[in-house]
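See structure below.
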Amino acid sequence: MFLPQLEVLSLSDTYLDHKALSPGEVPALRHFAIVDGYNDFTAEEEQTLVGLAPQLSSMTCLLKIILELPLAVISQSSLSMLFDGHLANPDLFRRVTNDVSSLRIYHSTFIGPIVESDCSLEEQWRSWTVSLESKQTVLPLQLLYLPRCLIPTDEDLEPEGLESILTSVSHIVDSLVSACRCRDIEVVFEDQPSSRDVTQISKDFRRRSEARRRASEAGNKEGNA
Amino acid sequence: MSTDSLSSSPPQTRYFDLLPLELIRHIIEQLAPLEYTQETYQERKRTLYSTCLICRLFRELAQPLLFETINVADPEHMAILNLSGSVDYKRLMSYTRNIAILDLACMMADSEDHALEFLDPIPNLEDLRMTAGRLATLKLVSESVSSPL
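So the sequence lines, in the order shown, correspond to chains Y and V.
Last residue of the first sequence? That's 226 in the working numbering, and every number before it is there in order.
Last residue of the second sequence? That's 179 in the working numbering, and every number before it is there in order.
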């Protein structure tokens with residue numbers, strides 16, 4: 002397989018074939034997203050990721066696999082990593098805050114697996130706010146993506162109750178945004194994918210990662226000159 | 031009315047002939063914008079297909095858009111990727127920029143071919159999305175797909 006123009010690839014629960022996804026087969030690949038129900042990579046999949054990392058501008062993956070990513074991928078300076086954490090699972094973020102500089106809180110079923118929770122929507126958002134407000138937490142986080150629609154569209158809510166929940170959630174998210182502002186974390190509200198055939202790669206993150214890569218390459222050229 | 035009077039009447043004006051090609055292309059693109067959802071994908075395809083049937087000029091302009099984005103959601107759709115060989119197929123596939131292959135599991139079989147190999151005849155593919163299936167589910171059936179869409 003030789004796909005000379007392929008620039009954006011998103012795989013969901015799909016095996017990373019080393020031969021098919023070698024840099025020689027996909028030389029123009031810049032943006033890669035992988036959503037995997039499994040919690041680890043096989044040795045061959047790791048090899049695939051390490052091989053692709055130098056040519057990528059952005060990579061998007063689930064927060065839960067952050068500790069499984071090969072060091073050679075995470076330490077790739079030209080590569081911007083975006084991690085997806087489900088709204089109902091702020092605890093996971095608390096455990097790995099030191100390694101995350103860009104995060105997307107999602108509730109769309111078309112980004113990653115849904116996490117079941119007994120907590121109400123307000124409690125879920127408040128829990129994130131508490132994490133980001135806590136002075137004890139060290140946060141290298143620089144960029145936070147939030148869904149433009151704060152309440153999942155598939156949430157089973159009565160129309161009367163919806164308005165009050167939306168008001169309540171909006172207040173909590175306002176506090177979350179304030180907490181981020183205090184810590185110099187940029188917040189971007191973005192529409193999340195509403196169907197399976199739409200890429201889960203964030204358009205804004207894609208643009209930023211390209212700009213970052215160009216700046217990095219320009220810096221390298223100046224350094225060499 | 032005599033035959034003479036019919037033949038001497040001015041030819042019917044085709045207003046689209048008066049417009050620049052770029053403008054007509056733009057109008058067609060507005061009919062079927064690239065920003066679509068799973069629900070509107072079929073509608074987009076139907077619109078472009080109907081546009082192709084209007085006249086040669088419209089077909090020339092709409093056909094690349096029709097093949098620009100392809101959603102492969104079942105084995106019948108997969109057939110479109112299996113029609114390699116014909117010159118016409120290669121021409122149509124050269125228009126394709128985006129492919130979403132959904133539910134690979136429902137298209138798997140014991141074929142030795144890899145799903146990505148089916149994308150070989152699509153040289154200009156820029157954006158690919160694939161969902162479902164570990165190693166086994168990436169193996170797709172080639173012999174069971176007999177008829178194109």
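Beta carbons: idealized from backbone N, C-alpha and C, even for Gly.
Could you please give me the residues that DSSP links to L62 (chain Y) through a beta bridge?
-> First, the amino acid is wrong: residue 62 (chain Y) is Cys here, not Leu. Looking at the DSSP assignment, C62 (chain Y) forms a beta bridge with Y:I35, Y:F84.
Give the secondary structure of L140 (chain Y) by DSSP, where H, G and I count as helix, E and B as strand, and everything else as coil.
-> In the structure shown, L140 (chain Y) sits in coil (DSSP, three-state: anything other than H, G, I, E or B).
Taking DSSP as the reference, what is the three-state secondary structure of D157 (chain V)?
-> strand
Option in Y:I152, Y:S217, Y:H87, Y:L63 with minimal Cα separation from N40 (chain Y) | Nearest of Y:I152, Y:S217, Y:H87, Y:L63 to N40 (chain Y), Cα basis: Y:L63.
Would you list, in chain order, the members of the segment 177-200 of chain Y that have their beta-carbon closer than 8 Å to a beta-carbon of chain C?
-> This model lacks chain C altogether, as its protein chains are Y and V.
Classification of K204 (chain Y) by the beta-carbon crowding that lies within 10 angstroms, buried from 16 upward = exposed
What do you reckon, are the CB atoms on E123 (chain Y) and A89 (chain Y) nearer than 9 Å?
-> Not in contact: E123 (chain Y) and A89 (chain Y) (Cβ atoms no closer than 9 Å).
Could you have a look at V116 (chain Y) and say whether DSSP puts it in helix, strand or coil?
-> In the structure shown, V116 (chain Y) adopts coil according to DSSP, grouped into three states.
In the structure shown, what three-state DSSP assignment does F94 (chain Y) receive?
-> helix
Assign Y107 (chain Y) to one of three DSSP states: helix, strand, or coil.
-> strand
Candidates Y:R149, Y:G113, Y:L163, Y:R95: closest to Q137 (chain Y) by CA position | Comparing Cα-Cα distances from Q137 (chain Y) to each of Y:R149, Y:G113, Y:L163, Y:R95, the minimum goes to Y:R95.
Show which residues of chain Y have a CB atom less than 9 Å away from the CB atom of Y71 (chain V).
-> The answer, in chain order, is S196, D198.
Looking only at C-alpha atoms, which of V:Y79, V:I100, V:T99 sits nearest to E90 (chain V)?
-> The shortest Cα separation from E90 (chain V) among V:Y79, V:I100, V:T99 belongs to V:Y79.
Can you give the beta carbon distance from S109 (chain Y) to F206 (chain Y), rounded, assuming they're within the 8 Å contact cut?
-> Rounded, the Cβ-Cβ distance is 15 Å, inconsistent with contact.
Pair within 9 Å by beta-carbon distance, S76 (chain Y) and E218 (chain Y) = no
For D185 (chain Y), which residues of its own chain have a beta-carbon under 8 Å away from its beta-carbon, when the five flanking residues on both sides are left out?
-> Answer for D185 (chain Y): Q143, listed in chain order.
Under a Cβ-count criterion, where at least 16 other Cβ atoms within 10 Å of its own Cβ denotes burial, should N161 (chain V) be classed as buried or exposed?
-> Sequence inspection shows Thr at residue 161 (chain V); the Asn mentioned does not correspond to that position. Buried: at least 16 other Cβ atoms inside 10 Å.
CB contact check: S11 (chain Y) to chain V, cutoff 9 Å | yes
Rounded to whole angstroms, what's the CA-CA distance from E46 (chain Y) to F33 (chain Y)? Just pull it up for me.
-> Roughly 14 Å between the two C-alpha positions.
Let me know the secondary structure DSSP gives T99 (chain V) once reduced to three states.
-> strand
What residue does the alpha helix (DSSP H) around A73 (chain Y) start on, and which one ends it?
-> Unbroken alpha helix (DSSP H) run through A73 (chain Y): 72-75.
Could you give the distance in angstroms between the alpha-carbon of L7 (chain Y) and the alpha-carbon of E164 (chain Y)?
-> 43 Å
Proximity below 9 Å, CB of L147 (chain Y) to CB of V188 (chain Y) | yes
Measure the C-alpha to C-alpha separation of P91 (chain Y) and S132 (chain Y) and round it to an integer number of angstroms.
-> 8 Å
Counted within 10 angstroms of its Cβ, other Cβ atoms place R209 (chain Y) as buried (16 or more) or exposed = buried
At which residues does the beta strand (DSSP E) containing F3 (chain Y) begin and terminate?
-> From DSSP, F3 (chain Y) is part of no beta strand (DSSP E); its letter is neither H nor E.
F84 (chain Y): buried (16+ other C-beta within 10 angstroms of its C-beta) or exposed?
-> buried
Can you list, in chain order, the residues of its chain whose CB lies under 6 Å from that of A92 (chain V), leaving out five sequence neighbours each side?
-> Sequence-distant Cβ neighbours of A92 (chain V) in its own chain, meaning closer than 6 Å and more than five residues away, are I58, L78, T81, C82.
Since E156 (chain V) meets chain Y, which of its residues come closer than 7 Å, beta carbon to beta carbon?
-> Q6, L7, E8, V9
Under a CB-based cut-off of 9 Å, is T15 (chain Y) close to chain V?
-> yes
Identify the continuous alpha helix (DSSP H) that holds E159 (chain Y) and give its terminal residues.
-> It is not in any alpha helix (DSSP H) - E159 (chain Y) carries neither H nor E in the DSSP assignment.
Tell me, please, which residues DSSP counts as bridged to N225 (chain Y).
-> DSSP lists no partner for N225 (chain Y).
Closer than 8 Å at the beta carbon, the chain Y residues around L132 (chain V) = R197, D198
Go through its chain and collect everything with a Cβ distance to R214 (chain Y)'s Cβ below 6 Å, but skip five positions before and after it.
-> S58, S79
Nearest to N128 (chain V) by CA position, among Y:E211, Y:A226, Y:E223, Y:L4, is which residue?
-> Y:L4
Extent of the continuous alpha helix (DSSP H) run through A130 (chain V) | That residue, A130 (chain V), is in no alpha helix (DSSP H); its beta strand (DSSP E) goes 128-131.
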